[in-house]
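Below is one structure, written out as structure tokens; the observations come after it.
There are 2 protein chains.
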Amino acid sequence: MTRTLSEENYLKAIFHLSRNSKEKVSITTLAASLKNTSASVISMLRKLTAKELVDYDKKKGASLTTAGEKAAIEIVRKHRLWEVLLAEKLEFSWEEIHDIAEQLEHVHHPELADRLDKFLGFPQFDPHGHPIPDIKGNISKVSGKLLSDSDVGINLEVVGVKDSSSMFLNYLKQLEIKIGSKLMVEQIIDFDQSAIIKINNGSNISVSRKFLESILITSTLPEVNDPK
Amino acid sequence: MTRTLSEENYLKAIFHLSRNSKEKVSITTLAASLKNTSASVISMLRKLTAKELVDYDKKKGASLTTAGEKAAIEIVRKHRLWEVLLAEKLEFSWEEIHDIAEQLEHVHHPELADRLDKFLGFPQFDPHGHPIPDIKGNISKVSGKLLSDSDVGINLEVVGVKDSSSMFLNYLKQLEIKIGSKLMVEQIIDFDQSAIIKINNGSNISVSRKFLESILITSTLPEVNDPK
DNA sequence: AATAAAAATCAGACATGGCTAATTTTTTAT
DNA sequence: ATAAAAAATTAGCCATGTCTGATTTTTATT
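Chains A and B, in that order, are what the protein sequence lines are. Quick note on numbering that gives the first Met the number 0: the first sequence kicks off at 0 and runs consecutively. Quick note on numbering that gives the first Met the number 0: the second sequence kicks off at 0 and runs consecutively.
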């Protein structure tokens, strides 16, 4: 029943990938995500299938069984709870916490996540704006939508990121964008789908399509000012 | 430069074993401590020697190089700091923390130990009474001595344990002995070196030599009552 | 339908870190 | 000094999880 580090990383990858695309995950996609070869992915999927954590169909790809999804959610729960501890208690910054949590998420103990959860005051979201699965594995809907789906000229507020890599987070830091920052899409460039956005009601910068797809926002309805 | 889980466990074992006996550590001793075979130990010592973390001399046994000791102390520091967090913040009990800390101690990040240390208020000892190496690797002397070295009839106070196994700690829990408990050796049985001890000024129980060698105490000088 | 490109799979290899079963020291006791 | 016991070492094997280099299967394109 015990899961190895590798097994856990595969479960997590399948979980995230099938969550994004809502579909079964192909070998190639998994291989790219885990930075392994297709051959390695296939042999691990066999192992996970034997353990009944994964269903695999050559045509349709891989998906998690109920047991596999439960395991994956536990890992994600630990990851995000540890991120909260690292950020709030140990004062690590946005860019640092992900890699440490990648290690901490694999620490096994039946009560660890729940104790952490309680100590942290049952946080709903991690420092990147991702929902923390509760003790039963329920995951609240992400409140925001992608910046790439926003219209021009609307007041927006950053509620999370889709990419937690330190590469991306360092870029955000440089741009002085964090959770709560105000954004507005000024213009979309048809040529390459890049955009010009205004940051914190200050400077305008040009960002790529990839950037737009990596930020979660909510539109801040202009204060209900005097609706008459 | 990165160390594997196994390497770290060997370094830690050598550190603890050579600290206890003050001597180089034999293959057999290491094998017993790690629950591996001698053959496995030899091959790992070769690897660690190549990495210049261990000195090994067939006649005298294994010892840590300066670099090896530094690495070992970092691991011990992390282990003990995590134990404090687990006990004090997450409310885990004496018996539970050791095994979780065995996993946490291998989480790598250059600043993690120091952030933990600060968050926990720079604790001097872990919940088992073991000194926590400071940021420079200095380890304060254990304040107590072994219960097995105590004379009969002296008021004693438990300051720590030498054995952090859950087996031993559960036994202590059953006996209602913890750090701060009052003890007195009532009688030593010459036959097998076992002893009768009084616990918390209450009941007398019989304990083995092994037990006596697993508890650290200080003698609580009878209150300086009216020295006249 | 035929073919090229993409994806999946297979076969075989490798590094790690364990193991067992000899075999060779080394130590200890007679 | 020698035999027995203990410790160290060697040789070879195994499982895990990865890889490379074919090869086969699927999917897309014309």
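Built from N, CA and C at the ideal position, the CB exists for glycine as well. Given the structure is predicted, the values throughout are model-derived calculations rather than measurements.
{"Query": "Do the CB positions of H180(B) and I198(B) come within less than 8 Å of each other?", "Result": "His is not the amino acid found at residue 180(B); the sequence shown has Ser there. Yes. Within cutoff."}
{"Query": "In whole angstroms, what separates the C-alpha of T28(B) from that of E73(B)?", "Result": "23 Å"}
{"Query": "Residue range of the alpha helix (DSSP H) that M166(B) falls in?", "Result": "165-173"}
{"Query": "Nearest-angstrom Cα distance between L211(B) and F190(B)?", "Result": "15 Å"}
{"Query": "Nearest to P109(B) by CA position, among E90(B), A70(B), F121(B), L171(B), is which residue?", "Result": "A70(B)"}
{"Query": "Give a yes or no on whether 8 Å exceeds the smallest Cβ distance from I74(B) to chain A.", "Result": "no"}
{"Query": "Quick one: using the 10 Å Cβ neighbour count with 16 as the cut-off for buried, is L10(B) buried or exposed?", "Result": "buried"}
{"Query": "Could you tell me which chain B residues have their CB closer than 9 Å to the CB of R114(A), listed as they occur along the chain?", "Result": "L85, K88, L89, E90, F91"}
{"Query": "Kindly provide the ranges of any beta strand (DSSP E) runs that are 3 or more residues long and lie completely inside the segment 12-88 of chain B, ordered along the chain.", "Result": "53-56, 60-63"}
{"Query": "Candidates K77(B), A38(B), V206(B): which alpha carbon is nearest E101(B)'s?", "Result": "K77(B)"}
{"Query": "Which residues mark the beginning and the end of the alpha helix (DSSP H) in which K140(B) is found?", "Result": "Looking at the DSSP string, K140(B) is not in any alpha helix (DSSP H), and its letter there is neither H nor E."}
{"Query": "Going by the CB atoms, is the gap between I153(A) and L174(A) shorter than 8 Å?", "Result": "no"}
{"Query": "What does the alpha-carbon distance come out to for the pair I214(B) and I134(A)?", "Result": "38 Å"}
{"Query": "Are the beta-carbon atoms belonging to L80(B) and L115(B) less than 8 Å from one another?", "Result": "yes"}
{"Query": "H108(B) touches chain A at which residues, Cβ-Cβ below 7 Å?", "Result": "I99"}
{"Query": "Can you tell which of V53(A), K144(A), S32(A), H129(A) has the C-alpha that lies nearest to the C-alpha of I138(A)?", "Result": "H129(A)"}
{"Query": "Are the beta-carbon atoms of V141(A) and G159(A) separated by less than 8 Å?", "Result": "yes"}
{"Query": "Taking V83(A) and P126(A) to be in contact with their CB atoms under 8 Å, please state how far apart those CB atoms are, rounded to whole angstroms.", "Result": "6 Å"}
{"Query": "Rounded to whole angstroms, what's the CA-CA distance from E7(B) to M166(B)? Just pull it up for me.", "Result": "24 Å"}
{"Query": "Within the 8 Å Cβ cut-off, does L103(A) reach chain B?", "Result": "yes"}
{"Query": "Could you give the DSSP three-state label for E110(A): helix, strand or coil?", "Result": "coil"}
{"Query": "Please list the terminal residues of the continuous beta strand (DSSP E) segment that includes I153(A).", "Result": "Note, I153(A): premise wrong, no beta strand (DSSP E); not H, not E."}
{"Query": "Quick check: the Cα distance between N19(A) and A31(B), rounded to an integer number of angstroms?", "Result": "49 Å"}
{"Query": "Are the C-beta atoms of F124(A) and some chain B residue less than 8 Å apart?", "Result": "no"}
{"Query": "Using a C-beta to C-beta distance shorter than 7 Å, which residues of chain B count as neighbours of F118(A)?", "Result": "K88, L89"}
{"Query": "Report the three-state DSSP secondary structure of Q123(A) (helix, strand or coil).", "Result": "coil"}
{"Query": "Note down, in chain order, each residue of its chain lying with its Cβ closer than 8 Å to the Cβ of I229(A), except the 5 sequence neighbours on either side.", "Result": "Examination of residue 229(A) is not possible in this model, given that chain A is present from 0 through 227 alone."}
{"Query": "Going straight from the alpha carbon of S17(B) to that of S5(B), what length do you get?", "Result": "18 Å"}
{"Query": "Hey, quick one: how far does the alpha helix (DSSP H) through I178(A) stretch, first residue to last?", "Result": "No alpha helix (DSSP H) contains I178(A), which DSSP labels as neither H nor E."}
{"Query": "Where does Q102(B) fall in DSSP's three states?", "Result": "helix"}
{"Query": "With distances taken Cα to Cα, identify the nearest neighbour of K46(B) among R2(B), L155(B), E156(B).", "Result": "R2(B)"}
{"Query": "Just to check my reading of the structure: F132(A) and V75(A) have Cβ atoms closer than 8 Å, yes? What is that Cβ distance to the nearest angstrom?", "Result": "Reading the sequence as shown, one finds Pro at residue 132(A) and not Phe. Correct: roughly 6 Å between the Cβ atoms."}
{"Query": "Mind listing the chain A neighbours of L111(B)? Cutoff is C-beta to C-beta under 9 Å, in chain order.", "Result": "L85, L89, F91, I99"}
{"Query": "I need the boundaries of the alpha helix (DSSP H) containing L211(B), first residue and last residue.", "Result": "208-211"}
{"Query": "Given A64(A), which residues of its chain have a CB within under 7 Å of its CB, disregarding the five upstream and five downstream residues?", "Result": "The question names Ala, but residue 64(A) is Thr in the sequence shown. Excluding positions up to five away in sequence, the list reads E51, L52, V53, D54."}
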